[in-house]
Each structure stands twice: as C-alpha cells, then as structure tokens.
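Take a look at the structure below.
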Amino acid sequence: MDSPADRDTIAPAEQKPAETTTNRKAPFPRGFLETISTGWAERPETIPTPREQSAWAARRRERVSAAFPGDRVVVPAGSLKQRSNDTDYPFRAHSAFAHLTGWAADAEPDSVLVLEPRDGGHDAVLYFRERADRTTPEFYADATVGEFWIGPRPALAGVAADLGLATAHVDDFVPGDDDRVVGVDDDLTRFVSELRLVKDEFELAQMALAVEVTASGFDDIISELPRIVEHPRGERVVEGVFHRRARADGNAVGYDTIAASGPHACYLHWTRNDGAVVPGDLILIDAGVEVDSLYTADITRTLPVSGRFTEVQRRVYEAVREAADAAFEAARPGVPFRRVHEAAMEVIAARVAQWGLLPVSAEEALDADRGGQHRRYMVHGTSHHLGIDVHDCAQARREMYYDGLLEPGMVFTIEPGLYFQIDDLTVPEEYRGIGVRIEDDIVMTSDGPVNLSAGIPRTADEVEDWIARLSS
2 MDSPADRDTI APAEQKPAET TTNRKAPFPR GFLETISTGW AERPETIPTP
52 REQSAWAARR RERVSAAFPG DRVVVPAGSL KQRSNDTDYP FRAHSAFAHL
102 TGWAADAEPD SVLVLEPRDG GHDAVLYFRE RADRTTPEFY ADATVGEFWI
152 GPRPALAGVA ADLGLATAHV DDFVPGDDDR VVGVDDDLTR FVSELRLVKD
202 EFELAQMALA VEVTASGFDD IISELPRIVE HPRGERVVEG VFHRRARADG
252 NAVGYDTIAA SGPHACYLHW TRNDGAVVPG DLILIDAGVE VDSLYTADIT
302 RTLPVSGRFT EVQRRVYEAV REAADAAFEA ARPGVPFRRV HEAAMEVIAA
352 RVAQWGLLPV SAEEALDADR GGQHRRYMVH GTSHHLGIDV HDCAQARREM
402 YYDGLLEPGM VFTIEPGLYF QIDDLTVPEE YRGIGVRIED DIVMTSDGPV
452 NLSAGIPRTA DEVEDWIARL SS
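For the sequence shown, position 464 (counting from the first letter as 1) is numbered 465 according to my numbering, and the numbering increases by one without interruption.
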C-alpha cells in the first residue's frame with residue numbers, strides 16, 4: 002500500500018503546498034497535468050432499478066413528515082472519523098440516515114437527507130458529493146473522494162433511481178436557522194429512534210439474515226478450535242475467524258467481538274482479546290454480523306474449550322440457560338418489556354441462593370428496595386432492542402422502552418449471565434473465574450416470541466455435541 006502521507010498531499014506544480022506538509026509533497030510535472038484528463042473511455046450512465054428497501058424507507062419518511070408538519074427536517078449521514086494522522090475509520094452512516102434513505106453500507110460521507118416542507122407534507126431531497134469529472138483535480142489529487150484513489154463513486158441520477166429520492170450535490174445544501182436536525186433537536190432524535198421500535202417486514206428479513214450469517218461465524222470458530230488453542234493469543238484468532246465471515250458474507254461486525262476465555266469471561270465487555278484459549282476453561286463469545294443493510298445480530302455462546310463442561314461449569318451454564326428460558330416464556334405481546342429482565346432475575350437469585358452465595362434469601366434479594374444482592378453476579382440487564390444498531394432505539398423514552406409494552410415486530414435480545422470474578426471471595430474457589438452468558442435474538446409476533454437464533458445450540462448437551470461435530 003502507498004504511504005498515506007503521500008496520498009492526500011500531492012499538489013500540482015503551480016500550487017503552493019501547505020507549510021506543514023512541505024516535507025512530503027511531490028508536485029505533479031506539467032506533462033502529467035496536461036494529459037491526465039484525456040484518453041479515458043466514456044463512462045455509460047447506468048440507471049439501476051430501485052433497491053428493495055427504498056419503498057420501506059419512503060414509508061418511514063412519511064411518518065416523520067406527519068410528525069413534523071411545516072418543519073424542515075435534516076438528517077445528516079455523518080463524516081469520516083480520523084483513526085490516526087491521515088487515515089480514517091471505515092465510514093458507517095448514521096443509523097437514522099440509513100433507516101430513512103435505504104442507503105446503507107454504500108452510503109457516502111457528508112450526505113444529508115432533507116425533508117422540505119410543503120402543503121400537505123414534505124419533499125425529500127438527498128444531498129451528497131457526486132463523483133468528480135475527470136477534468137478536475139479532485140479526480141486524481143484528492144485521496145478522500147477522488148476516484149483515482151478510492152474507486153468508482155455514485156452519480157446523482159443513479160442514486161436517485163436506486164433510492165427513489167430526488168438528489169442534489171451537497172454543495173447546494175444550505176442549512177437554515179430553524180432546521181430540526183437529528184442529533185441536535187431532542188424531539189426529532191427521539192422520534193426517529195422510537196420509529197425503529199417496531200420493525201417492518203424488510204427489517205425482520207434482514208435480522209434473520211444477520212443471525213444466519215452469524216451462526217456460520219460461530220461454526221467457523223468451533224471448526225478452528227484446535228488452531229485457536231495452539232496460538233498464544235487464541236482470543237485474537239477467534240476474533241479474526243469471526244471477522245473473516247462477517248466481511249465475506251456481510252458488511253462488517255456489528256460491534257467489537259468479545260472473545261473472553263477463562264477469567265476474562267467475567268469482564269462484561271472484554272474486547273482486548275489478547276489471552277490464550279486453554280483447554281479446561283470456558284470461552285465466552287459475544288459476536289454479531291452486520292449485513293450490507295446495516296442490520297446486525299447479537300449472539301453470545303459460552304463454550305467449553307476442551308469440548309465438555311466440568312460439573313461446576315455445567316451447573317452454572319444450565320442455571321443461565323434456565324434464566325434465559327424463563328425470560329423467553331415471560332415475553333408476550335402486551336407484557337411490559339421490563340418483565341423479561343425480572344423473570345430472568347428470579348431464576349438467577351434462586352440459583353445463587355441455592356448455592357449458598359447470598360447473605361439473604363432469594364425472596365429478600367428480589368426486594369425492589371432492599372435487595373439486589375444477587376446482582377453482584379449479573380450486573381447488566383437481560384434485554385435490549387436490536388436492529389440497525391446493536392443497542393437500537395437508544396434515544397427512546399423510558400416509557401416506550403424499559404417501561405413500554407412488547408408489540409409484534411419488536412426485536413430484542415435475551416442475555417442473562419453469571420460471572421464469578423477470579424478474586425471474588427464471596428464465592429467458593431471452584432466457582433471463581435467462571436463466566437457464562439447465553440444470548441439470543443428474539444422477534445415478537447402476535448402469537449408470542451420467536452427465537453431467531455434457536456438453530457445455534459443452546460443447552461449444555463447441544464453445545465458439547467456441536468463442538469464434537471465441528472472441531473474434530
């Protein structure tokens with residue numbers, strides 16, 4: 002790969018370079034400047050058929066329009082974010098922008114969706130930076146957007162047909178003082194977040210696809226367990242194996258993969274992933290593939306590295322599974338979302354009390370005011386909404402989220418766990434260093450919950466058979 006320091010600082014010979022970068026600029030010779038714009042074949046303008054999600058995105062925009070009559074609504078895609086010096090992180094559009102345009106993994110940085118008010122509603126216009134003509138310096142000298150550097154870029158007409166939206170060059174966008182902007186206007190930001198609480202048919206199909214690809218990623222990990230165990234940083238190998246599947250069959254991972262082996266499984270967001278994967282330990286893998294539409298799965302499985310659970314590991318694992326099953330049974334249309342967590346906590350409190358780990362009874366631990374002693378071993382919640390964000394609908398009001406009622410079309414996780422830190426003196430030594438979480442992705446239907454990830458082995462016996470089948 003060429004040096005990034007040279008890429009975006011090349012200037013024509015006549016152009017005076019910035020003083021801060023004179024040590025690395027290489028001016029173009031006159032012969033290059035006189036010929037670079039000539040000798041190119043014609044680029045035929047291809048007009049695609051509308052993508053599937055364009056019709057769904059139009060319906061979502063109609064709901065925003067109805068909620069904000071007479072207001073100019075602005076939804077920015079966001080900009081590139083610097084990783085180091087002059088390299089950037091891969092661009093991912095703001096979730097509200099992707100949801101309301103249908104432009105997903107292929108969205109352009111700095112784009113803006115604008116709903117212009119008119120009588121009876123709004124006109125939607127998508128502003129973005131169209132590809133530069135080959136006669137302009139942008140084509141060959143701008144490493145951020147120039148096609149010589151990053152490859153073909155979209156044209157206004159093509160995107161308009163693809164998304165079913167009017168398009169214009171981003172330079173034509175003029176912000177207004179009274180604009181309602183996502184991320185700035187609290188009411189608008191809340192509304193577009195709550196708009197995603199109930200998924201439409203397209204979204205549900207994408208969620209099922211994300212789970213399907215994620216399941217293949219877990220199969221890949223188990224198939225490579227022998228190689229993973231051999232490597233001194235086997236957690237990194239787990240992360241890499243899953244990332245390979247995510248990039249091959251999706252857009253990326255939906256969030257940083259947690260590959261937490263042994264005592265690392267007791268750290269809820271262990272993403273350092275620099276430890277060994279040792280036979281006899283458990284490895285907790287929390288991972289999800291984000292597909293090209295930007296919808297992501299969020300699955301956790303806890304595996305015995307040697308292929309079989311010890312007696313204590315199995316005891317903890319099956320207690321967590323029992324809690325997950327109780328949460329699933331509690332989830333029904335019209336039931337408060339918080340009831341899913343409460344059902345899981347009832348099992349967790351009962352089991353840790355049964356094992357003699359609590360200074361009070363399970364009933365006392367579950368008291369809303371004076372209890373909570375069991376939460377030492379599970380400090381996180383049991384469920385969160387899932388979709389185009391791994392923690393979807395995060396700006397929704399509490400009465401619509403935690404205290405809201407479950408409805409058909411909602412997608413959420415069920416993910417209880419038990420975590421006994423390696424230095425926790427409140428538990429017997431045989432428990433210390435064991436961390437277990439089981440996480441599934443659930444869609445609510447009018448008939449009750451459906452586990453989208455039910456095909457990924459869950460019980461202790463199923464997990465042992467899974468490992469025996471794939472890792473031998």
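From the three backbone atoms N, C-alpha and C, an ideal C-beta is built for every residue, glycine too.
According to DSSP, which residues form a beta bridge with Ser-262? Locating residue 262 in the sequence shown gives position 261, where the first residue counts as 1. For Ser-262, which the question treats as bridged, DSSP gives the partners Ile-284.
- request: Measure how close the beta-carbons of Pro-49 and Gly-159 come, nearest whole angstrom, since I'm counting them as under 8 angstroms.
  value: Within the sequence shown, the letter at position 48 stands for residue 49. Within the sequence shown, the letter at position 158 stands for residue 159. Pro-49 to Gly-159, Cβ: 6 angstroms. Contact.
To the nearest whole angstrom, what separates the beta carbons of Pro-77 and Phe-98, a pair I think is in contact under 8 angstroms?
The count along the sequence shown starts at 1 and reaches residue 77 at position 76. The count along the sequence shown starts at 1 and reaches residue 98 at position 97. Contact holds; Cβ gap of about 7 angstroms.
Between Arg-154, Pro-227 and Pro-70, which has its C-alpha nearest Leu-135's C-alpha? Here residue 135 refers to the residue found at position 134 when the sequence shown is read from its first residue. One detail in the question is off: residue 135 reads as Arg in this sequence, not Leu. The option with the nearest alpha carbon to Arg-135 is Arg-154.
Taking the beta carbon of Val-278 as the centre, do at least 16 other beta carbons fall within 10 Å, making it buried, or is it exposed?
Within the sequence shown, residue 278 is the residue found at index 277, counting from 1. It is buried - the Cβ of Val-278 has at least 16 other Cβ atoms within 10 Å.
Discussion item. Taking the beta carbon of Ala-105 as the centre, do at least 16 other beta carbons fall within 10 Å, making it buried, or is it exposed?
Written reply: For the purposes of this step, residue 105 is taken as residue 104 along the sequence shown, with counting starting at 1. So Ala-105 ends up on the buried side.
Boundaries of the beta strand (DSSP E) in which Pro-305 is found, first to last residue: Position 304 of the sequence shown, counted from the start, is the residue given in the question as residue 305. Segment 300-305, the beta strand (DSSP E) holding Pro-305.
**Study point:** For Gln-355, three-class secondary structure by DSSP
**Key:** Residue numbering aside, residue 355 sits at position 354 when the sequence shown is read from its first letter. Three-state DSSP puts Gln-355 in a helix.
| request: Kindly examine the ligand PLP and report whether one of its heavy atoms sits closer than 8 angstroms to the Cβ of Asp-107. | output: For the structure depicted, the ligand PLP is absent and the ligand set is empty, with no information on it obtainable.
Item to check | Whole-angstrom distance between Thr-215 and Asp-442, CA atom to CA atom | outcome: One-based indexing of the sequence shown puts residue 442 at position 441. One-based indexing of the sequence shown puts residue 215 at position 214. Going by the C-alpha atoms only, they are around 11 angstroms apart.
Check your understanding: Does DSSP put Asp-124 in a helix, a strand or coil?
Key -> Start at 1 with the first residue of the sequence shown, and residue 124 comes out as number 123. Residue state, collapsed to three classes: strand.
Do you know how far the Cα of Trp-41 is from the Cα of Asp-299? Along the sequence shown, one-based indexing puts residue 299 at 298. Along the sequence shown, one-based indexing puts residue 41 at 40. The straight-line gap from Cα to Cα measures roughly 46 angstroms.
Roughly how many angstroms lie between the CA atoms of Pro-70 and Gly-121, to the nearest whole one?
Taking the first residue of the sequence shown as 1, we reach residue 70 at position 69. Taking the first residue of the sequence shown as 1, we reach residue 121 at position 120. In a straight line, the C-alpha of Pro-70 is about 8 angstroms away from that of Gly-121.
In whole angstroms, what separates the C-alpha of Ser-55 from that of Gln-207?
Against the sequence shown, residue 55 aligns to sequence position 54. Against the sequence shown, residue 207 aligns to sequence position 206. So the two alpha carbons sit approximately 14 angstroms from each other.
| said: Please give me, in chain order, every unbroken run of the alpha helix (DSSP H) with length at least 4 that falls completely inside the segment 142-173. | reply: 148-151 and 157-164
* CA-CA distance, Phe-329 and Arg-339? -> Here the question's residue 329 lines up with position 328 in the sequence shown. Here the question's residue 339 lines up with position 338 in the sequence shown. Going from the Cα of Phe-329 to the Cα of Arg-339 covers about 12 angstroms.
query: Could you give the distance in angstroms between the alpha-carbon of Gln-374 and the alpha-carbon of Val-412?
result: In the sequence shown, residue 374 corresponds to position 373, counting from 1. In the sequence shown, residue 412 corresponds to position 411, counting from 1. Between Gln-374 and Val-412, the C-alpha separation is close to 30 angstroms.
Quick one, which of Gly-281, Asp-143, Ala-455 and Asp-448 has its alpha-carbon nearest Val-336's? By 1-based counting over the sequence shown, the position of residue 336 is 335. For Val-336, the nearest C-alpha among the options comes from Asp-448.
For Tyr-318, three-class secondary structure by DSSP: Here residue 318 is taken as the residue at index 317 of the sequence shown, counted from 1. Reduced to three states, the DSSP call for Tyr-318 is helix.
Classify Glu-204 as helix, strand or coil using the three-state DSSP reduction.
Numbered from its first residue, the sequence shown carries residue 204 at position 203. The answer is helix: DSSP assigns Glu-204 an H, G or I state.
Please tell me whether Leu-226 and Ser-472 are closer than 9 angstroms, where the distance is taken between their beta carbons. Within the sequence shown, the letter at position 225 stands for residue 226. Within the sequence shown, the letter at position 471 stands for residue 472. Result yes, Cβ atoms of Leu-226 and Ser-472 sit closer than 9 angstroms.
Quick one: what does DSSP say Tyr-420 is sitting in, helix, strand or coil?
By 1-based counting over the sequence shown, the position of residue 420 is 419. If DSSP states are grouped into helix, strand and coil, Tyr-420 belongs with the strands.
>> DSSP has Ala-253 in a bridge; who is on the other side?
In response: Locating residue 253 in the sequence shown gives position 252, counting from the first residue. Paired residue(s): Glu-291.
query: Can you give the beta carbon distance from Met-379 to Glu-408, rounded, assuming they're within the 8 angstroms contact cut?
result: Translated into positions along the sequence shown, residue 379 becomes position 378. Translated into positions along the sequence shown, residue 408 becomes position 407. Contact doesn't hold; Cβ gap of about 27 angstroms is too wide.
Opposite Ile-229 in the DSSP bridges: which residues?
To locate residue 229, count along the sequence shown from 1; it is residue 228. None; Ile-229 has no bridge partner.
Problem - Inside the segment 376-436 only - beta strand (DSSP E) runs reaching at least 3 residues - result: 412-415 and 418-421
Look at the alpha carbon of Thr-143 and the alpha carbon of Phe-243, and state the distance between them as a whole number of angstroms.
Numbered from 1 along the sequence shown, position 142 holds the residue referred to as residue 143. Numbered from 1 along the sequence shown, position 242 holds the residue referred to as residue 243. As written in the sequence, residue 143 is Asp, which differs from the Thr given in the question. So the alpha carbons of these two residues sit roughly 34 angstroms apart.
Exercise. Report the rounded CA-to-CA distance for Val-391 versus Val-361, giving the unit in angstroms.
Key: Counted from its first residue, the sequence shown places residue 391 at position 390. Counted from its first residue, the sequence shown places residue 361 at position 360. The straight-line gap from Cα to Cα measures roughly 36 angstroms.
Exercise. What span of residues does the beta strand (DSSP E) with Thr-190 cover, start to end?
Worked result: Counting from one through the sequence shown, the residue named residue 190 turns up at place 189. Counting along the chain, Thr-190 falls outside any beta strand (DSSP E), though it belongs to the alpha helix (DSSP H) covering 187-195.
> Relative to the C-alpha of Asp-188, which residue among Gln-396, Val-238 and Asp-466 is closest?
Replying inline: Within the sequence shown, the letter at position 187 stands for residue 188. For Asp-188, the nearest C-alpha among the options comes from Gln-396.
Applying the 10 Å Cβ sphere with the 16-neighbour rule, what's the burial state of Gln-314? Here the question's residue 314 lines up with position 313 in the sequence shown. Per the 10 Å Cβ criterion, buried.
Measuring CB to CB, does Leu-164 end up less than 9 angstroms from Arg-61? Walking along the sequence shown from the start, residue 164 turns up at place 163. Walking along the sequence shown from the start, residue 61 turns up at place 60. No, Cβ-Cβ distance for Leu-164 and Arg-61 is not below 9 angstroms.
#### Entry: Top-ranked residue by Cα proximity to Met-346, from Pro-334, Arg-333, Ala-369 and Gly-357
Here residue 346 refers to the residue found at position 345 of the sequence shown. Taking only the C-alpha atoms, the option nearest Met-346 is Ala-369.
*Leu-101 and Val-175: beta carbons closer than 9 angstroms?*
Taking the sequence shown and counting its residues from 1, one reaches residue 101 at position 100. Taking the sequence shown and counting its residues from 1, one reaches residue 175 at position 174. No. Outside cutoff.
- Item | Of the residues Ile-439, His-170 and Leu-387, the one placed nearest Ala-133, counting alpha carbons only | Locating residue 133 in the sequence shown gives position 132, counting from the first residue. Residue His-170 is the option with its Cα nearest to Ala-133.
Inset, instruction - With a cut-off of 8 angstroms on the beta carbons, I'd call Val-230 and Pro-280 a contact; round off their distance for me. - result: Taking the sequence shown and counting its residues from 1, the one referred to as residue 230 is at position 229. Taking the sequence shown and counting its residues from 1, the one referred to as residue 280 is at position 279. With 8 angstroms as the limit, Val-230 and Pro-280 qualify as a contact, their Cβ atoms being about 6 angstroms apart.
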